[in-house]
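For what it's worth, the numbering used here labels the leading residue of the sequence shown as 603, then goes sequentially.
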Amino acid sequence: MMITRVKKLLRWDYIAVRLILLFVLLYVSEVGLAIALKWGAVTAGQAATGARVDVDKVKASLLGARVAIGHVQIADPRSPMKNLVEADSIELDFDGRALLHGSATADLGVIRGLRFGTDRVTSGELEKSDGADDQSGPAAPSWMADAASQRAAAWMDDLEGRFAEDVTAQFESVRLAEELAAKWPAEYASLAAEARQIQGEVKLLEQQAKDARQNPLRNVEFIRDLPSRITGYQQKLKSLRGRMTALPESVRADRQRVAQARQHDEALLREKLKVNNANAQQLTDYLLGEQIGQPLAQMVGWLKWARALAPSKPEQATTTAKRGQDVRFAGCQVLPNLLVRRLELEGVVRVAGRSADLRGVVTDFTTQPRVLGQPMRIAIDTTGALPIVLRGTIDRTGDSPLDELVAECATVALPKADLGAGRRLRLDVAPSTAAVSVSVRLEGDALDGDIQINQQQVRISSRVDGDFGPVSGRVLTGAVDQSLGRLDKLVTRVTLTGTLDEPKWEVWSTLGPAVAEAVDRAVAGVVQQQTDRLAGEAQKQVDAQLQKLDSQLAAARDKATAAIDEPVKKLEQLVAETTQKALGNALPVQQLGEKFFPLKR
């Protein structure tokens, strides 16, 4: 009886139909909601990233207030054949009561299978509209590397010019020695020529005297002038002999001038081979400018892109009522349209060719941070061979956007680096390990960052190319390597300033001073070797010229002496013959002469 009355009251046929309709409606709603969520995720993701977003499937449960998204791929707008982010699944558990109030609030979300930089099968590039903004980051500023390269090139040009120049051609000692080797033999030759000229005149005089003795009556005047003429030639020969006797003293004085000139040449050599010390900061910029500039430009590009994803001026969650006035009851909390209070991350990250497991948490993720009044915070840790600790804050609660990022990695394997590639001074840095710390603060558009890299077990080899004349680049390379061989640790610090559109950075590293010291030491050693070599070559040239001078002087002196002695002997014979004839025939000749040829006095 009771059962019959219950059946009549429940009207199962009526309830069953409506339950079926309810389940159908619920199923259709969940399917439609899944389609809508998938479309919304793809559309919003592509609008935010500017690249293709692929979502495999979406499941939505209205009763369980749960959304599950399977296999998501977000393409990298800078590299369309790479994924910016890829995840195997995303699960979000929403608060049903918040949904009734128009807020999609998830207390917990989980992203599993998170990966970065994976390959895509198809291109992720979207067709850009005419007004689409280019979200690519600024290119690495080449001004720092170019300016440093120009300054380093000028220094290398100066170094090449000093080593390639033929300094010996400017040596005063060599010039003087060559001059003396030509001058003094010529002086002796000149004396010998004068002596030979006198010798010829003496021979002529001897012949004239002989002829005069045969006919004295006709040559009385010649015989009378003969003694004075002999005396004149003797005086000339005596003068020549005196000049020749004085020549060795003049030669010694000139040799002293050569010795003094050598001191001048040594000073000239030091001046010509004087090389300015290498500038440590210029070498740092020269070697590390491009190596650091490219990653920094990418980092600034990511910051700029992330700033575009998280707008600096979020919309207020305000609605305009058509009628009446909204009244907020005490204890009622205004919630943003979308809020994920805790989003757990699980995945794998690959840095510097090494993989590490990633675990992280993102809290207070929302599209309306001012409504929530709390910044979004990120905490990510990796384990394994690449331990990284990353903490970040994205604050849009105030008038000025504020982003902060701090990351530390105790041990990271750095690959081989080629510093200064394609230039005349290059360094090959072998693979090493390093501790890296990054701290970046972006308030408004103002950048303030600091990056420190502490490398251990550093091994550096160098290569110096250039036209250094007789000095081989291998000599400089070996000298630089010898100094750098004692270096086993490097510290590099990068200071980031400027704005997102015009970033600036300065690089300081112990590499610059170490390389500068090594280069200075190598150049100093090569300069000393070059100085000794050039001074030795100059001395050899001087010694050769002086030896040549000595041998030439000996021969020239002998010739000049012989040229002088010959007429001297002739004159002595002529004097003797004239005297003898005069003693034998003085009276008759004089008497006859005075009688027949009176002389006027």
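Glycine included, C-beta positions come from ideal geometry on N, C-alpha and C.
Write down the C-beta distance between VAL1060 and SER1034 rounded to the nearest angstrom, noting that I regard them as a contact closer than 8 Å.
Along the sequence shown, read from residue 1 onward, the residue named residue 1060 stands at position 458. Along the sequence shown, read from residue 1 onward, the residue named residue 1034 stands at position 432. Going by Cβ atoms, the distance from VAL1060 to SER1034 rounds to 5 Å, so yes, they are a contact pair.
Select from GLY962, SER1063 and ARG956 the residue whose C-alpha is nearest the C-alpha of GLY949.
Against the sequence shown, residue 949 aligns to sequence position 347. Selected option, being the one with the closest Cα: GLY962.
When we look at the beta-carbon of PRO977 and count the other beta-carbons within 10 Å, is it buried (16 or more) or exposed?
If you number the sequence shown from 1, residue 977 lands on position 375. Classification of PRO977: buried, given that the 10 Å Cβ count is 16 or more.
Under 8 Å: do the region 857-875 and the region 1116-1134 share three or more Cβ pairs, one atom per stretch?
yes
Identify every run of the beta strand (DSSP E) within the region 1055-1118, keeping only runs that are complete inside it and at least 3 residues long; order them along the chain.
1062-1066, 1091-1100 and 1105-1111
Taking Cβ to Cβ, would you say LEU890 is nearer than 8 Å to VAL1066?
Within the sequence shown, numbered from 1, the residue matching residue 890 stands at position 288. Within the sequence shown, numbered from 1, the residue matching residue 1066 stands at position 464. Result no, Cβ atoms of LEU890 and VAL1066 do not sit closer than 8 Å.
What distance in whole Å lies between the Cβ atoms of LEU1086 and ALA1116, which are believed to be in contact at a cut-off of 8 Å?
Translated into positions along the sequence shown, residue 1116 becomes position 514. Translated into positions along the sequence shown, residue 1086 becomes position 484. The Cβ separation is near 7 Å, so the contact holds.
Would you kindly work out how many angstroms separate the C-alpha atoms of VAL1177 and GLU780, rounded to a whole number?
On the sequence shown, position 575 is the one that residue 1177 refers to. On the sequence shown, position 178 is the one that residue 780 refers to. Whole-angstrom Cα-Cα distance: 44 Å.
To the nearest angstrom, how far is the alpha carbon of GLN884 from that of LEU1044?
Residue numbering aside, residue 884 sits at position 282 when the sequence shown is read from its first letter. Residue numbering aside, residue 1044 sits at position 442 when the sequence shown is read from its first letter. Straight-line Cα distance between these residues: approximately 28 Å.
Run through DSSP, which three-state label would GLU1010 get?
Within the sequence shown, residue 1010 is the residue found at index 408, counting from 1. DSSP places GLU1010 in strand when its eight states are reduced to three.
Close beta carbons around ILE713, own chain, < 6 Å, minus the five adjacent residues each side:
As a working note, residue 713 is residue 111 in the sequence shown. Around ILE713: ALA689, ILE692 and LEU947.
From LEU793 to MET846, what does the alpha carbon distance come to, in whole angstroms?
Translated into the one-based positions of the sequence shown, residue 793 becomes position 191. Translated into the one-based positions of the sequence shown, residue 846 becomes position 244. Rounded to the nearest angstrom, the two C-alpha atoms are 7 Å apart.
Quick one: give me the first and last residue of the beta strand (DSSP E) that ASP997 is part of.
Your numbering for residue 997 matches position 395 in the sequence shown. Here the beta strand (DSSP E) through ASP997 covers 990-997.
Could you tell me the boundaries of the alpha helix (DSSP H) in which ALA551 lies?
The chain is shown only over 603 to 1203; residue 551 falls outside these bounds and no answer can be derived.
Give a yes or no on whether the C-beta atoms belonging to PRO1105 and LEU1049 are separated by under 8 Å.
Numbered from its first residue, the sequence shown carries residue 1105 at position 503. Numbered from its first residue, the sequence shown carries residue 1049 at position 447. Yes; because the gap between Cβ atoms is below 8 Å, this pair is in contact.
Could you round the C-beta distance between LEU1016 and GLN970 to whole angstroms and report it? I think they count as a contact, below 8 Å.
What you label residue 1016 is simply residue 414 of the sequence shown in a count that begins at 1. What you label residue 970 is simply residue 368 of the sequence shown in a count that begins at 1. Their Cβ separation, rounded to whole angstroms, is 42 Å, which puts LEU1016 and GLN970 out of contact at 8 Å.
State buried or exposed for GLN654, treating a residue as buried only when at least 16 other CB atoms are found within 10 Å of its CB.
The residue given as residue 654 occupies position 52 in the sequence shown. For the sequence presented, residue 654 should be read as Arg rather than Gln. ARG654 comes out buried.
Per DSSP, what are the beta-bridge partners of ALA650 in this structure?
Counting from 1 along the sequence shown, the entry for residue 650 is found at position 48. None, per the DSSP bridge assignment.
Compare the C-beta of GLN810 with all C-beta atoms of chain D and state if any pair is closer than 8 Å.
In the structure shown, chain D cannot be found, because there is only a single protein chain.
How many angstroms separate the CA atom of ILE996 from the CA atom of VAL687?
Translated into positions along the sequence shown, residue 996 becomes position 394. Translated into positions along the sequence shown, residue 687 becomes position 85. The alpha-carbon atoms of ILE996 and VAL687 are separated by roughly 19 Å.
By the 10 Å Cβ neighbour count, where 16 or more other Cβ atoms means buried, how is ASN685 classified, buried or exposed?
Here the question's residue 685 lines up with position 83 in the sequence shown. By the neighbour-count rule (16 or more Cβ atoms within 10 Å), ASN685 is buried.
If you follow the alpha helix (DSSP H) that GLN862 is in, where does it begin and where does it stop?
Walking along the sequence shown from the start, residue 862 turns up at place 260. GLN862 -> alpha helix (DSSP H) spans 822-874.
Assigned exposure category for ASP1103 - 16 Cβ within 10 Å defines buried:
Locating residue 1103 in the sequence shown gives position 501, counting from the first residue. Counting Cβ neighbours within 10 Å, ASP1103 comes out exposed, since fewer than 16 surround it.
Pairwise C-alpha distance: THR984 and THR1013:
Locating residue 1013 in the sequence shown gives position 411, where the first residue counts as 1. Locating residue 984 in the sequence shown gives position 382, where the first residue counts as 1. Cα-Cα distance, rounded: 12 Å.
By Cβ distance below 6 Å, which residues in the same chain neighbour PRO1200 in space, the five residues on each side in sequence not counted?
Along the sequence shown, read from residue 1 onward, the residue named residue 1200 stands at position 598. At PRO1200, the pLDDT of 44 sits below 50, so the modelled position is not reliable and the matter cannot be decided from this model.
With a threshold of 6 Å on Cβ separation, who are the neighbours of GLN1143 within its own chain once the five nearest residues in sequence on each side are excluded?
Against the sequence shown, residue 1143 aligns to sequence position 541. Hits under 6 Å: VAL776.
For the candidate residues LYS661, ARG998, ARG952 and TYR888, whose alpha-carbon lies nearest to that of GLY986?
If you number the sequence shown from 1, residue 986 lands on position 384. That would be ARG952, whose Cα lies nearest to the Cα of GLY986.
May I have the straight-line CA-CA distance separating ALA559 from GLN799, to the nearest angstrom?
Since the first and last residues shown for the chain are 603 and 1203, residue 559 lies out of range.
For LEU1021 versus GLN900, is the C-beta distance shorter than 8 Å?
Reading the sequence shown from its first residue, position 419 is the one you call residue 1021. Reading the sequence shown from its first residue, position 298 is the one you call residue 900. It is not a contact, given that the beta carbons lie outside the stated cut-off.
How long is the line joining the alpha carbons of GLU1179 and LEU1155, rounded to whole angstroms?
For the purposes of this step, residue 1179 is taken as residue 577 along the sequence shown, with counting starting at 1. For the purposes of this step, residue 1155 is taken as residue 553 along the sequence shown, with counting starting at 1. Taking the straight line from one Cα to the other gives about 36 Å.
Burial state of LYS812 (16 or more Cβ within 10 Å)
Here residue 812 refers to the residue found at position 210 when the sequence shown is read from its first residue. Exposed is the call here.
Inspect the CB distances between the region 1149-1166 and the region 1088-1099 and report whether three or more fall short of 8 Å.
no
Which residue or residues does DSSP assign as beta-bridge partners of LEU1049?
In the sequence shown, counting from the first residue as 1, residue 1049 sits at position 447. For LEU1049, which the question treats as bridged, DSSP gives the partners LEU1044.
Excluding the 5 residues preceding and the 5 following VAL644 in the sequence, name in chain order all residues of the same chain whose CB lies nearer than 8 Å to its CB.
Position 42 of the sequence shown holds residue 644. VAL655, ASP656 and VAL657, listed in sequence order.
Decide if GLN858 is buried, meaning its Cβ has at least 16 other Cβ atoms within 10 Å, or exposed.
Mapped onto the sequence shown, residue 858 falls at position 256. Answer is exposed; the Cβ neighbour count stays below 16.
Please go through the same chain and pick out, in chain order, the residues whose beta-carbon is closer than 6 Å to the beta-carbon of CYS1011, but skip the five residues on each side of it.
Numbered from 1 along the sequence shown, position 409 holds the residue referred to as residue 1011. ILE990 and VAL1038, listed in sequence order.
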